[in-house]
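In what follows, a single structure is set out as structure tokens and then discussed.
In the numbering used here, the protein residues as written are 1 to 646.
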């Protein structure tokens, strides 16, 4: 339950050792490299951006090749694959790929050649398809293209004219020594062939022009349209064979996918190192690096760096007041998965308080109260750990699954208290004293939900008081949190416990007076102090809204049980014969699965809301920046220590 203490790191070393030092820091994954802050040293910033861009280009090529060849990879399809983690590779396998990187890149080049060839084939295929479509109206024309040439006495024309002007065209041709033949139609155009004596050639051309004549463009210089179509269809078959050959080549290249993926990881690591090196100040012989490292890793880090470069100079110091170190959260095994939920809101201020360990049990408890069906909780608490154990999902998904597992355990607890098991009531006698039947006694369930909300809110106020005391401000803890707790407890006693209503009245009055007199103490004027007190006292209305927000625990918990009960009733109505039994079972499985999914989703979202809006508003100081060390973040393959970290 802590924000990891950070040390400011300065490293001065020989430029010849730069890459080895970067590799060591990347392997350890505990150094965030920052830009040089000294204005004088900024003139010496590394200018090797061109080299980094070359690596980026190489990385993009490898990624493209992996994406292309993945289509041809033979692998088993299963819904469980979505939970499986990424494959692993040893350092020895990675070194073998690095040594043979040129050969692996030849696979990328072969993929690029196949893609270019396929692009050319697609262009040829499209062109042939268009040409076949152009020939379709001319298939009845039996004169080869090479014979559509003028002779000593005649000229020939083949083309299209407007169908609406055919009658006028035929009339114009009637007195001429010419022949007009319609060989096909193409929409609102007529495909015509004309042969005319040279003496009437000019008149025939004028008549054709008046009919919007357009000369035919046959794909080939020889053969009839039918013969040309046959040649184009043969060309399409040839193209199909060439495309299949290209696909077969890619399918064969897919065997090199494991090495390609490893090369991608190695290249990505190189890209990250070169990007980090752009933040260095360097000369021809030396470089200076600044960054952040966890205080607990400082000694080990210094030892490892000294082993790589004995001549290097390393300095660790505490952050200055004006410096804002990055934030790294560290919690126990139960709370650690909830760090992502805190980060989803905003990381705490580096000098603030990490609320993860306090938030986690409330989150799991509220999750269970909203799902509220012990049957659903048992399925989650049993199935999710089995999926984690056998499929080894990636760390980000694994953390979410741990959160859902804890939520499942609390769902079993609250489902048992509400006596809801897949929408049914077991009504066990030994649990009678603690059972809450939401349908028969909704007020009892409502008060339990409100009570849990009050505990949640008071915990937030308690954390704020703790932070004030820790910072040496005990009076602020009394004025800003103590008086509020006194007043709210007093109001609660007045309303809920008549026997101590008088004491509650005095507690509430004392707390209200304390808030009125102290809330505006920071204001410079007397009027400001008074108005500040009244303004703060008006905040009691927001407390009422915060408490009522916990009614969602009641509403969602009740809805889960009611939907499950209705599903059971509907199934019971149709399960009167073998066929009805089958449909009844299908209905039960479908409705309960949907009910569980929608309520688990809703419980997660609303648990986040109660933490973010109601709980954090009482004490949380955000604004932290995530700690982003130079590390090895796998995309396709976890190599060596990456696999261990996963």
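Virtual Cβ for every residue (Gly too), placed ideally from N, Cα, C.
Distance from the CA atom of residue 125 to the CA atom of residue 194, rounded to whole angstroms, is 32 Å. The bridge partners DSSP lists for residue 540 come to none. Excluding residues up to 5 positions away in sequence, 176, 177, 178 lie with their Cβ nearer than 8 Å to the Cβ of residue 200 in the same chain. When beta bridges are read from the DSSP output, residue 574 appears opposite no residue. Three or more Cβ pairs closer than 8 Å define a contact, and the segment 411-431 meets that threshold against the segment 559-576. In the three-state reduction of the DSSP assignment, residue 329 falls in the strand class, which pools E and B. When beta bridges are read from the DSSP output, residue 6 appears opposite 294. Taking C-beta atoms as the reference points, residue 619 and residue 514 fail to come closer than 8 Å. The shortest C-alpha to C-alpha distance from residue 149 to any of 452, 221, 170 is the one to 221. One Cα belongs to residue 39, the other to residue 349, and the distance between them is close to 27 Å.
For residue 193, there is no enclosing alpha helix (DSSP H); the residue is found in the beta strand (DSSP E) stretching over 189-197. Measuring C-alpha to C-alpha distances from residue 286 to each of 262, 312, 604, 401 identifies 312 as the nearest. For residue 171, the three-state secondary structure derived from DSSP is helix.
Here residue 157 has 194 as same chain residues with Cβ atoms under 6 Å from its own Cβ, once five neighbours each way along the sequence are excluded. Each residue's CA atom was taken as its position, placing residue 223 and residue 140 some 13 Å apart. Across the structure, residue 252 and residue 245 are spaced so that their CA atoms are roughly 11 Å apart. Cβ contact annotation for residue 288 (same chain, cutoff 6 Å, sequence separation greater than five): 12, 281, in chain order. When rounded, the separation of the alpha-carbon atoms in residue 183 and residue 208 is 16 Å.
DSSP places residue 156 in the uninterrupted beta strand (DSSP E) bounded by 154-162.
By the 16-neighbour rule on beta-carbons within 10 angstroms, residue 57 is exposed. From the listed residues 446, 72, 334, 28, the smallest Cα separation to residue 369 is found for 446.
In this chain, residue 236 is not harboured by any beta strand (DSSP E); it is covered by the alpha helix (DSSP H) spanning 225-253.
By the neighbour-count criterion, in which a residue is buried when 16 or more other Cβ atoms sit within 10 angstroms of its Cβ, residue 362 is buried. In this structure, 232 is the residue among 232, 180, 212, 569 with its C-alpha nearest to the C-alpha of residue 128.
Here residue 185 carries a strand assignment [DSSP, helix/strand/coil].
Distances from the alpha-carbon of residue 226 to those of 14, 143, 592 put 143 closest. Proximity to residue 3 across 292, 355, 164 peaks at 355, based on C-alpha coordinates.
In the structure shown, residue 213 falls within a coil segment according to DSSP collapsed to helix, strand and coil.
Taking one beta carbon from each stretch, the segment 315-329 and the segment 60-69 have fewer than 3 pairs nearer than 8 Å; the two do not touch. Taking C-alpha positions only, residue 154 is separated from residue 138 by approximately 22 Å. Here the alpha carbons of residue 171 and residue 190 stand approximately 16 Å from one another. Secondary structure at residue 137: helix, using DSSP grouped into helix, strand and coil. Ranking 243, 456, 322, 30 by CA distance to the CA of residue 120 puts 243 first. Of all alpha-carbon atoms in 481, 89, 604, the one lying nearest the alpha-carbon of residue 264 is that of 89.
Contact annotation: the segment 9-26 touches the segment 293-306, with at least three C-beta pairs closer than 8 Å.
The straight-line gap separating the alpha-carbon atoms of residue 560 and residue 548 is approximately 20 Å.
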